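Heads up: the structure comes next, in structure tokens.
Residue numbers (the numbering used here): 906 to 1655.
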């Protein structure tokens, strides 16, 4: 039986123990676990397995996205299994679960996942900072109190409350105001309560000198063990229960308290409200071992299973010298048992754990919808636009509402549009492309002599395996993506014909975002590509000069370019970390300039994110340098000597002799650079933590293709955008070749 989404590392010893105990009790079942990295189930892998008809038996799914998958028919309803096994004491019962968690794992009145892990957000406050400011030894209870306290705690590079430090987001403040998002199939995000939530966040950042002044702390909070709160830079944050361990490790002597999040002034006295997240166990449609999967889910989510997991994890943490405490569960009986067993020695830990457990009773979930991911992304984008001063609250929310309504309308169109059978168009299209290629070969065949035809036959025979593969795995998918671009398809339900609607959306409602993505590419083309070409040429000249010392220089220059992109990006993330206490670049900057010139925010800043990406790209200039080095070795030595005899200096010889002979290589590297800029994805994806960077500063077309296809499950729209990228790349390449021919012709055909 295959279980996907569990990452059984040192921090998941408890889950591994549950798996082993289940196997011990069921010797006929062997569980194969596949982790999917941070954030649980990878949507791309899950969708691929569903399309291939070979899904896992159980998935450990982010509860927030259960409704999204269930609405597409990707998960099995568990209602019949729950009803059948209700007499079994281990079977899940609604009354035993946190209501918000149970509802979040449901869709259209039916249960599609059994909730397991549960987390709440609470206010962490620095009691020492409060005492220093002469404030009472109690946390603020309302938004107004929070702002008043923050004003007194802000100054000299330290801040009171920054809403985006920790794990709060606009979603929490909107939920506290009970701001509606959906009214049936109509988005109503742009409303007075939502505006009040945004404006509260804006006021908090206004006290800190504006969002830009403290953006670094907001964006990078939690990026290192010692975050802004544990270092005392921020006196209050709203965060989840998982942050408690990091805080106790990073600041073991910090005097802090934990309390319910402050509420709006119009809330009832003593009322608290927070939002809850977590995971659930689901059974994908078409799972091969449905009964065994259900038995595992019942065991893992039962009081016994939760106890096994909790005790094993806490014993492992204690053995490693880590802070030991239970984490909240969606299962209420397990929470009672956990609190009864817990006997903390540290008052801070006891208070924090008690608060997080108590908040489960007043927790609510984010809006449950088939387009939940779109809602989440657009809310965060509206927050960024408002706090950065690009939109006022009304405009930011209106933009988000338009995008969310567009996604809702697309769901409605999906139900009305005629079904699309892709087999015939794809087969016919692939055949047409293959015939066109064969026709072109036939026209060339006639011009070949007997020897040429003999060589061509053998050449075609030798490349036949590649040709077959190209037709099946390159031409076929290309044609399929072109056909898909005229459909609505979420990867699970049958596609529907909609004609050119995806292209109209790209250049209509989404034209601003599309233009922004290509504008970011233009920056890389205008700044990054020339710098990369000059750096490669410069390195090649150095290597050519240093060749007398052997080949070691080529190894040093070429090695960075063959390192994995992800590893390189993570390395540079640490080097470019905006905190001088962590990032080597900013530590050097601070040592040189002191406080007179603040260091850049790099990937945490909208203004510096793209320059940081360009600098990261220069790390791989060695691969281009090797190409230029080969070109330098082909420059005729007699021309160099003749120019030197005529009195030309090194610079003149380089301009008149070397550079013209490098023209083809310059054209090649420029074309490759432009195509590479259009294909930018992995470095930006890793650098921003699977986001688009502050202010969408690292939003690139290929990233948008990925998000549209595998996060929002809009594969037709993603295919249309991919073809736009292809056409732009083709036009840019043709333009560069034309310019290269003109330039080469002006140089005497060199």
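Idealized CB from N, CA, C, for every residue including glycine.
Source: prediction; values computed, not measured.
Worksheet entry | 7 Å Cβ cutoff met for residue 1395 and residue 1618 | Within the chain shown, the letter at position 490 stands for residue 1395. Within the chain shown, the letter at position 713 stands for residue 1618. In contact: residue 1395 and residue 1618 (Cβ atoms closer than 7 Å).
Worksheet item: Are there 16 or more other CB atoms within 10 angstroms of the CB of residue 1600, so buried, or fewer, so exposed?
Response: By one-based count along the chain shown, residue 1600 stands at place 695. By the beta-carbon neighbour count (other beta carbons within 10 angstroms, threshold 16), residue 1600 is buried.
Item to complete: List the whole-angstrom C-beta distance separating residue 1518 from residue 1592, where the pair is believed to meet the contact cut-off of C-beta under 8 Å.
Response: On the chain shown, position 613 is the one that residue 1518 refers to. On the chain shown, position 687 is the one that residue 1592 refers to. The beta-carbon distance between residue 1518 and residue 1592, rounded to whole angstroms, is 7 Å. This is short enough to meet the 8 Å contact definition.
Discussion item. Taking only three categories from DSSP, how would you classify residue 941?
Written reply: Looking up residue 941 in the chain shown gives position 36. Looking at residue 941 - three-state DSSP - the assignment turns out to be coil, as it is neither helix nor strand.
Practice prompt. Label residue 1360 either buried or exposed according to how many other C-beta atoms from any shown protein chain fall within 10 Å of its C-beta, with 16 as the threshold for buried.
Written response: Numbered from its first residue, the chain shown carries residue 1360 at position 455. Residue 1360 is classed as exposed because its beta carbon has fewer than 16 other beta carbons within 10 Å across all chains shown.
Discussion item. Given a cut-off of 7 Å on the beta-carbon distance, is the pair residue 1430 and residue 1444 in contact?
Written reply: To locate residue 1430, count along the chain shown from 1; it is residue 525. To locate residue 1444, count along the chain shown from 1; it is residue 539. Between residue 1430 and residue 1444, the gap from beta carbon to beta carbon reaches 7 Å or more.
Discussion item. Rounding to the nearest angstrom, what Cα-Cα distance links residue 1664 and residue 1111 in this structure?
Written reply: Outside the modelled stretch of the chain, which goes from 906 to 1655, sits residue 1664, for which no answer is possible.
Worksheet item: Helix or strand or just coil, what does DSSP make of residue 1220?
Response: Counting from 1 along the chain shown, the entry for residue 1220 is found at position 315. Under the three-state reduction of DSSP, residue 1220 is assigned to helix.
Worksheet item: Residues bridged to residue 1099 by DSSP?
Response: As a first step, residue 1099 is located in the chain shown; it is residue number 194 there, counting from the start. Per DSSP, none; premise fails for residue 1099.
Practice prompt. Note down, one range per segment and in chain order, each alpha helix (DSSP H) of at least 4 residues found wholly within the segment 1468-1512.
Written response: Complete alpha helix (DSSP H) runs here, min 4: 1470-1480 and 1489-1498.
Discussion item. Tell me whether the segment 1222-1229 and the segment 1139-1154 touch, counting them as touching only if at least three CB pairs, one residue from each stretch, are closer than 8 Å.
Written reply: Yes, the segment 1222-1229 touches the segment 1139-1154.
Worksheet item: Do residue 1169 and residue 1081 have their C-beta atoms within less than 7 Å of each other?
Response: The residue you call residue 1169 lines up with position 264 of the chain shown. The residue you call residue 1081 lines up with position 176 of the chain shown. In this structure, residue 1081 lies closer than 7 Å to residue 1169 by Cβ.
Item to complete: Taking the CB atoms as reference points, tell me whether residue 1026 and residue 1145 lie closer together than 7 Å.
Response: Taking the first residue of the chain shown as 1, we reach residue 1026 at position 121. Taking the first residue of the chain shown as 1, we reach residue 1145 at position 240. Result yes, Cβ atoms of residue 1026 and residue 1145 sit closer than 7 Å.
Item to complete: Output yes or no for whether 7 Å exceeds the beta carbon distance between residue 1066 and residue 1051.
Response: Walking along the chain shown from the start, residue 1066 turns up at place 161. Walking along the chain shown from the start, residue 1051 turns up at place 146. Between residue 1066 and residue 1051, the C-beta spacing is below 7 Å.
Worksheet item: Which same chain residues, not among the five before or five after residue 1436, have their C-beta less than 7 Å away from its C-beta?
Response: Counted from its first residue, the chain shown places residue 1436 at position 531. 1519 and 1523.
Worksheet item: How about residue 1392 and residue 1621: do their beta carbons lie closer than 7 Å?
Response: Position 487 of the chain shown, counting from 1, holds the residue named residue 1392. Position 716 of the chain shown, counting from 1, holds the residue named residue 1621. In this structure, residue 1621 lies closer than 7 Å to residue 1392 by Cβ.
Worksheet entry | residue 1377 classed as buried or exposed, judged by whether at least 16 other C-beta atoms fall within 10 angstroms | As a working mapping, residue 1377 is identified with position 472 in the chain shown. Classification of residue 1377: exposed, given that the 10 Å Cβ count is below 16.
Worksheet entry | contact_flag[the segment 1104-1123, the segment 1307-1319] where n(CB pairs < 8 Å) is 3 or more | Flag = no, the segment 1104-1123 and the segment 1307-1319 do not touch.
Item to complete: Under 6 Å Cβ to Cβ from residue 1211, same chain only, skipping five residues before and after it: list those, please.
Response: One-based indexing of the chain shown puts residue 1211 at position 306. Here the set comprises 1234, 1236 and 1239.
Worksheet item: Where does residue 1142 fall in DSSP's three states?
Response: Sequence index remark: in the chain shown, residue 1142 carries index 237 (1-based). If DSSP states are grouped into helix, strand and coil, residue 1142 belongs with the strands.
Discussion item. Per DSSP, what are the beta-bridge partners of residue 1168 in this structure?
Written reply: Walking along the chain shown from the start, residue 1168 turns up at place 263. Looking at the DSSP assignment, residue 1168 forms a beta bridge with 1047.
Worksheet entry | Cα-Cα separation, residue 1251 to residue 1260 | For the purposes of this step, residue 1251 is taken as residue 346 along the chain shown, with counting starting at 1. For the purposes of this step, residue 1260 is taken as residue 355 along the chain shown, with counting starting at 1. Computed Cα separation, rounded: 14 Å.
Practice prompt. Tell me whether residue 1021 is buried or exposed, calling it buried when 16 or more other Cβ atoms sit within 10 Å of its Cβ.
Written response: What you label residue 1021 is simply residue 116 of the chain shown in a count that begins at 1. Counting Cβ neighbours within 10 Å, residue 1021 comes out buried, since at least 16 surround it.
Worksheet item: When the Cβ atoms of the segment 1632-1642 are set against those of the segment 1574-1592, are three or more pairs found closer than 8 Å?
Response: Contact between the segment 1632-1642 and the segment 1574-1592 is established, with three or more Cβ pairs separated by less than 8 Å.
Item to complete: Take every Cβ of the segment 929-940, pair it with every Cβ of the segment 989-996, and state whether three or more of those distances are shorter than 8 Å.
Response: No, the segment 929-940 does not touch the segment 989-996.
Discussion item. I'd like to know if the segment 1407-1427 and the segment 1335-1343 are in contact, where contact means that at least 3 CB-CB pairs between them fall below 8 Å.
Written reply: Judged by pairs of C-beta atoms under 8 Å, the segment 1407-1427 does not touch the segment 1335-1343, as fewer than three such pairs exist.
Discussion item. According to DSSP, simplified to helix, strand and coil, what is residue 1156?
Written reply: As a position in the chain shown, residue 1156 is number 251, starting the count at 1. Under the three-state reduction of DSSP output, residue 1156 falls in the coil class, being neither helix nor strand.
Fill in: residue 1401 and residue 1313 closer than 7 Å at C-beta
The sequence position of residue 1401 within the chain shown is 496, counting from 1. The sequence position of residue 1313 within the chain shown is 408, counting from 1. Going by C-beta atoms, residue 1401 is not nearer than 7 Å to residue 1313.
Practice prompt. Quick one: residues in its chain with C-beta nearer than 8 Å to the C-beta of residue 1493, no 5 flanking neighbours on either side, listed in chain order?
Written response: Your numbering for residue 1493 matches position 588 in the chain shown. For residue 1493, there are no CB contacts under 8 Å within the same chain when 5 residues up- and downstream are skipped.
Worksheet item: Taking the Cβ atom as the reference point for each residue, do residue 1068 and residue 1054 lie within a distance shorter than 7 Å?
Response: What you label residue 1068 is simply residue 163 of the chain shown in a count that begins at 1. What you label residue 1054 is simply residue 149 of the chain shown in a count that begins at 1. No, the Cβ-Cβ distance between residue 1068 and residue 1054 is not below 7 Å.
Discussion item. Using 7 Å as the threshold, is the C-beta distance between residue 1217 and residue 963 below it?
Written reply: Locating residue 1217 in the chain shown gives position 312, where the first residue counts as 1. Locating residue 963 in the chain shown gives position 58, where the first residue counts as 1. No; because the gap between Cβ atoms is not below 7 Å, this pair is not in contact.
Practice prompt. With a 10 Å radius around its C-beta and 16 neighbouring C-beta atoms as the bar for buried, classify residue 985 as buried or exposed.
Written response: In the chain shown, the residue the question calls residue 985 occupies position 80. Exposed.
Item to complete: Would you identify the three-state DSSP class for residue 1593, choosing helix, strand or coil?
Response: Here residue 1593 corresponds to residue number 688 of the chain shown, with the count starting at 1. Residue 1593 sits in coil when the DSSP states are folded into three classes, being neither helix nor strand.
Practice prompt. Go to residue 909, then tell me how far its beta strand (DSSP E) extends in each direction, as first and last residue.
Written response: Counting from 1 along the chain shown, the entry for residue 909 is found at position 4. In the DSSP assignment, residue 909 falls within the beta strand (DSSP E) that extends over 907-909.
Worksheet item: Over what stretch of residues does the beta strand (DSSP E) that includes residue 1428 continue unbroken?
Response: By 1-based counting over the chain shown, the position of residue 1428 is 523. Where residue 1428 is concerned, there is no enclosing beta strand (DSSP E), although the alpha helix (DSSP H) around it starts and stops at 1416-1428.
Worksheet item: Counting Cβ pairs, one atom from each stretch, are 3 or more of them under 8 Å apart for the segment 1555-1573 and the segment 1521-1538?
Response: Judged by pairs of C-beta atoms under 8 Å, the segment 1555-1573 touches the segment 1521-1538, as three or more such pairs exist.
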